[in-house]
Amino acid sequence: MSASGQRESVFPTRQVLNGTKGRLKGAQTGHSLLKRKADALNKRFRTITTKIDEAKRKMGRIMQLAAFSLAEVNYAAGDVGYMVRESVKNATFRVSTKEENVSGVLLPSFEAHAEGGSQEFSLTGLSRGGQQVNKARDTYTKAVKTLVELASLQVSPCLFALLSDNLLTILFSHDRLLSLCWMK
């Protein structure tokens with residue numbers, strides 16, 4: 001009695017049998033495609049999480065060095081923040097976005113581009129502390145690039161969290177469809 005409620009009412013002919021076989025084949029193909037898509041996204045998610053862990057560790061070291069280099073500048077040349085802010089006319093970094101296609105899912109990523117604005121305050125610290133200013137500029141350049149890389153990596157897991165629920169729902173509905181197609 002319980003299986004009769006799940007059966008389709010069809011007229012038992014060869015044509016209906018071939019149509020049912022075609023629907024079953026389509027459901028199996030769709031399920032295998034979704035399964036491969038889910039596997040590719042899971043693999044990508046795992047690589048991104050390991051890269052995030054490495055980038056966070058790297059970010060901690062770089063920010064520590066950047067703070068120390070700024071302390072060296074403040075010790076050697078005094079507070080040069082005002083001179084730097086007054087001499088800069090354009091932004092040194094530009095951040096551009098691009099999308100990467102992973103199994104039909106577009107994942108955003110960011111890239112930092114240096115604009116060559118390092119010459120704008122090249123005379124800062126000329127009287128004293130010039131080497132420390134250049135060292136601090138280089139260190140903070142590395143820090144900004146690492147921050148942009150980390151931000152690019154951290155955007156993707158948010159999308160994976162949204163996709164995982166939808167993808168699992170779709171996969172389970174296709175499993176249910178396959179089980180219904182096999183019932184006779």
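Sequence positions in the sequence shown follow UniProt numbering and run 1 to 184. A virtual CB, placed ideally from N, CA and C, is assigned to each residue, including glycine.
1) Please check the pair Phe110 and Ala67, which I expect to be a contact at CB under 8 Å, by giving their CB distance rounded to whole angstroms.
2) Count the other CB atoms within 10 Å of the CB of Glu149; is the residue buried (16 or more) or exposed (fewer)?
3) Report buried or exposed for Lys184, applying the criterion of at least 16 other Cβ atoms within 10 angstroms of its Cβ.
4) Where do the ends of the beta strand (DSSP E) carrying Thr97 lie?
5) At what residues does the beta strand (DSSP E) containing Phe110 begin and finish?
6) Let me know the alpha helix (DSSP H) ranges lying completely inside the stretch 39-102, each 4 residues or longer, listed in chain order.
7) So that I know if they touch, is there some Cβ in chain C lying closer than 8 Å to that of Thr139?
8) At a cut of 8 Å, does the stretch 73-82 reach the stretch 50-62 through at least three beta carbon pairs?
9) Would Trp182 be called buried (16 or more neighbouring beta carbons within 10 Å of its own) or exposed?
10) Identify, in the order they occur along the chain, each residue of the same chain with its Cβ nearer than 8 Å to the Cβ of Val10, setting aside the five sequence neighbours on each side.
Judging by the given coordinates:
1) Their Cβ separation, rounded to whole angstroms, is 23 Å, which puts Phe110 and Ala67 out of contact at 8 Å.
2) buried
3) Because the pLDDT at Lys184 is just 39, under 50, the model does not fix this residue reliably, and the value given afterwards should be weighed accordingly. That one is exposed.
4) Phe93 to Val102
5) Val105 to Ala114
6) 81-87
7) No chain C is present in this structure, which holds just one protein chain.
8) no
9) Note that Trp182 has pLDDT 45, beneath the 50 cutoff, so the model's placement of it is unreliable and no number is given.
10) Val16 and Thr20
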